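Per my numbering, residue 1180 is the first one in the sequence shown, and the count goes up by one each step.
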Amino acid sequence: MDTDALARFHETFAWFVVGANLIAAGWALAAHRYKALRHRALWWFTAVAEVSIAVQVVAGAVLRQQLFGGDDPDHLAFHMFYGFVALFAVAIIYSYRGQLKGRLYLLYGAGGFFLMGLALRAIHLKPT
């Protein structure tokens, strides 16, 4: 994939990450309140939202390598930081699922909104 196409993908897909995590988080919080919303589809959708973060981070890392080689320009520092914090947050949320079994929907609701916020912050710090 050429650099321009990858840059467009990275910029556009960021909004998918935001939207998917917004929907997953809202659905999880609503499912905490309304048992009728507790479907297996929620967990599949949540998985898609969280995997989209990994796809976005990998695309960003490849783009960074193509554009800047081994150099890390200062203007990319916090943009990359938020991406890696989001990846780490997904792992932490997943690791707490056993301990918070009674509040699983709250965990994934709050966690999804946190991930959405990280994605929005990374978009705001767009490295252009």
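For each residue, glycine too, the CB sits at the ideal point set by N, CA and C.
Here the structure is a predicted model, which means the values were calculated and not measured.
Check: Inter-residue spacing [alpha-carbon to alpha-carbon] between Ala1199 and Trp1223; Outcome: 11 Å
Check: Val1236, buried or exposed, once every other Cβ within 10 Å from all chains shown has been counted against 16; Outcome: buried
Check: Close Cβ partners of Phe1257 (< 7 Å) along its chain, the five nearest in sequence each way excluded; Outcome: Leu1304
Check: Backbone CA spacing between Thr1191 and Met1259 [nearest angstrom]; Outcome: 16 Å
Check: Three or more C-beta pairs below 8 Å linking the segment 1264-1271 and the segment 1290-1297; Outcome: yes
Check: Trp1194 classed as buried or exposed, judged by whether at least 16 other C-beta atoms fall within 10 angstroms; Outcome: exposed
Check: Where Val1196 falls, given that 16 or more other Cβ within 10 Å makes a residue buried; Outcome: buried
Check: C-alpha distance - Tyr1287 paired with His1189, whole-angstrom precision; Outcome: 25 Å
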